[in-house]
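When we follow our numbering, the leftmost residue of the sequence shown carries the number 6, and every step to the right adds one.
All residues carry an ideal CB built from backbone N, CA and C; glycine is no exception.
Okay, structure first, notes after.
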Amino acid sequence: MRLPRRVPWQDLGELEQVCGWIYADESDFDAKQRAVNRDESSATASSSSSYLSLRMSYAAAIIRLVNGLVDPLQLGAYARSIASIAQQLGLPAWLVELRHAATHEDLPSLEVLRDAARESMAWLLHNYFLPTLNPSTPSAAPSQPLRPLAPLLRQYKALMKATTRDATLRVQLRGDITKATRDVERWIAEAKVASAAAAGALGWEDTLPDGDEEDTRERWALDRVAEALVQKGGLVPLSKKKRVSPGQDTLALPRSSLLIWTPLLSHLQTLHPTLPLRLVSAISAYLAQPIHTPNDDPEIVSLSVTVSTDEPKADPSYDICLASWAKWLVDSCSNADTEDAEDIREAALVRIIASLGPDSAATGGTKPASTLLLQALSAERPQLATALSVLSQRPAQTSPSSADWEESTIDVMDRRLGTLLALSADAQDGADDGGDVSMDECAADAEERLPPGWRKLSARDGWRPSPIGVYVHCA
Numbered sequence: 006m007r008l009p010r011r012v013p014w015q016d017l018g019e020l021e022q023v024c025g026w027i028y029a030d031e032s033d034f035d036a037k038q039r040a041v042n043r044d045e046s047s048a049t050a051s052s053s054s055s056y057l058s059l060r061m062s063y064a065a066a067i068i069r070l071v072n073g074l075v076d077p078l079q080l081g082a083y084a085r086s087i088a089s090i091a092q093q094l095g096l097p098a099w100l101v102e103l104r105h106a107a108t109h110e111d112l113p114s115l116e117v118l119r120d121a122a123r124e125s126m127a128w129l130l131h132n133y134f135l136p137t138l139n140p141s142t143p144s145a146a147p148s149q150p151l152r153p154l155a156p157l158l159r160q161y162k163a164l165m166k167a168t169t170r171d172a173t174l175r176v177q178l179r180g181d182i183t184k185a186t187r188d189v190e191r192w193i194a195e196a197k198v199a200s201a202a203a204a205g206a207l208g209w210e211d212t213l214p215d216g217d218e219e220d221t222r223e224r225w226a227l228d229r230v231a232e233a234l235v236q237k238g239g240l241v242p243l244s245k246k247k248r249v250s251p252g253q254d255t256l257a258l259p260r261s262s263l264l265i266w267t268p269l270l271s272h273l274q275t276l277h278p279t280l281p282l283r284l285v286s287a288i289s290a291y292l293a294q295p296i297h298t299p300n301d302d303p304e305i306v307s308l309s310v311t312v313s314t315d316e317p318k319a320d321p322s323y324d325i326c327l328a329s330w331a332k333w334l335v336d337s338c339s340n341a342d343t344e345d346a347e348d349i350r351e352a353a354l355v356r357i358i359a360s361l362g363p364d365s366a367a368t369g370g371t372k373p374a375s376t377l378l379l380q381a382l383s384a385e386r387p388q389l390a391t392a393l394s395v396l397s398q399r400p401a402q403t404s405p406s407s408a409d410w411e412e413s414t415i416d417v418m419d420r421r422l423g424t425l426l427a428l429s430a431d432a433q434d435g436a437d438d439g440g441d442v443s444m445d446e447c448a449a450d451a452e453e454r455l456p457p458g459w460r461k462l463s464a465r466d467g468w469r470p471s472p473i474g475v476y477v478h479c480a
């Protein structure tokens with residue numbers, strides 16, 4: 006559980022009061038002075054107001070604003086530029102430039118600083134005060150689209166392929182490979198900021214529900230990384246000749262694929278221990294998709310010649326290669342020397358079994374790669390093999406379809422509903438007439454008219470009234 010977040014106000018009432026003093030009346034300087042004095046003493050507020058001191062005060066405020074917004078969002082292992090983070094937040098770029106000038110160059114003029122202060126206050130009103138006081142109010146900051154990850158992965162893959170073909174290039178391309186690896190890590194940091202901006206948080210609220218130990222923003226970012234890696238051209242080569250042969254009995258990755266992707270995956274796993282779990286989840290979700298078989302109806306088959314469908318075609322070599330990566334990820338968690346390695350490995354196994362277990366056959370068929378993956382994992386774990394054998398003997402739980410319902414079934418339900426409504430109406434009429442009827446007599450009369458299989462409990466059965474949701478044990 007995270008530590009409480011510090012804020013400069015005791016409750017939302019104080020924040021709303023300061024917001025009103027600042028923005029209610031543009032010409033009410035006394036109200037603005039009260040807002041300033043809310044955190045400062047009168048002596049400090051009435052200190053020297055010379056031309057230079059005013060410029061320095063404005064500049065300090067702009068610097069603290071930009072730094073206060075950007076610094077908490079330096080979420081990656083490698084620092085990102087202030088301009089890139091500010092762009093994701095929708096902060097005007099010229100405020101970042103003004104912050105740089107005030108810090109490292111000549112102090113800007115008072116007129117420019119006042120314009121920056123007015124724009125900063127407007128930005129804070131629409132992106133901090135209003136969203137905080139009214140969470141349903143959307144942020145006014147323009148959402149910056151997250152740049153695609155695929156080009157960065159392709160650049161890294163091209164460099165690594167060159168070194169696998171010619172080992173003499175390793176020293177020459179070492180700097181480029183390091184830069185490509187850091188670019189991927191910086192993209193994860195950008196994705197974290199993008200996830201917060203998409204939710205309208207902009208970093209103001211970073212608390213998580215009790216019991217959720219994994220950072221929501223990191224989980225969202227790693228899911229996007231997993232989606233990009235699972236696509237063809239990522240972990241799975243585009244050329245079928247470079248994939249694992251679908252006819253083999255074991256799940257083993259080609260040496261070329263391991264040489265290309267192991268350095269990046271190991272580096273990212275060091276910084277993000279839950280990456281294997283997110284990757285296994287993405288692979289399991291893909292392998293759990295039902296197998297689409299062609300319809301045997303000759304009319305539909307004849308139509309399929311001219312009508313194209315968007316359903317992906319079966320690709321056994323692609324499935325086998327993904328299953329091999331899933332097994333490799335589970336094994337890498339077992340060999341990892343971290344405190345959470347065992348928990349992540351168990352969680353990965355649970356994800357695979359839950360997605361590809363015996364119940365998945367009821368959803369439309371199991372891909373051969375799924376069966377091969379479960380067999381490979383259970384062969385090394387006797388307890389897992391025993392559990393899978395027990396689950397496979399359990400009858401599949403299929404949900405009833407709408408075809409099982411008949412008109413007679415609906416008629417029976419309507420008659421029973423009518424009987425229950427009539428009982429309620431009779432009871433209300435008896436109460437209005439002031440009839441003196443005991444509870445037992447009402448229960449006996451109601452039981453006679455209830456549909457078959459229904460029985461109304463009374464005090465004789467040990468029933469007594471209790472709040473909804475409270476279990477009362479009847480002796």
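With contact defined as three or more Cβ pairs closer than 8 Å, the segment 237 to 249 and the segment 126 to 138 are not in contact. In this structure, the straight-line span from the alpha carbon of A257 to that of T221 is close to 33 Å. Residue range 98 to 109 is occupied by the alpha helix (DSSP H) that includes E102.
Apart from the 5 residues on each side of it in sequence, L130 sits with its Cβ closer than 7 Å to the Cβ of Y28 in its chain, given in chain order. Here the alpha carbons of E21 and R224 stand approximately 34 Å from one another. Beta bridge pairing from DSSP links K237 with V241. DSSP, read as helix, strand or coil, puts T221 in helix. The beta carbons of S125 and L164 sit no closer together than 8 Å.
Minimum Cα-Cα distance from L327 among the listed residues T267, D188, C338, L284 corresponds to L284.
Closest in C-alpha terms to R39, from the list E116, A88, E19, K184, comes E19. Of the other Cβ atoms in all chains shown, 16 or more fall within 10 Å of the Cβ of T279; this residue is therefore buried.
Segment contact: the segment 226 to 237 against the segment 180 to 199, three or more CB-CB distances shorter than 8 Å; contact assigned.
Of S244, A185, A290, H272, the smallest CA-CA separation from V235 is found for A290. A check of alpha carbon separations from I357 across L379, C338, D336 identifies L379 as the nearest.
Shortest Cα-Cα distance from R350 to any of V117, A359, C338 involves C338. Counting along the chain, W266 sits inside the alpha helix (DSSP H) bounded by residues 260 to 276. Taking 8 Å as the cut-off, the beta carbon of P113 is found closer than this to the beta carbon of A106. Ranked by Cα distance from Y323, the options P259, E102, V249, L57 are led by V249. Annotated three-state conformation of N139 is coil, per DSSP. When the beta-carbon positions are compared, P268 and Q274 stay at least 8 Å from each other.
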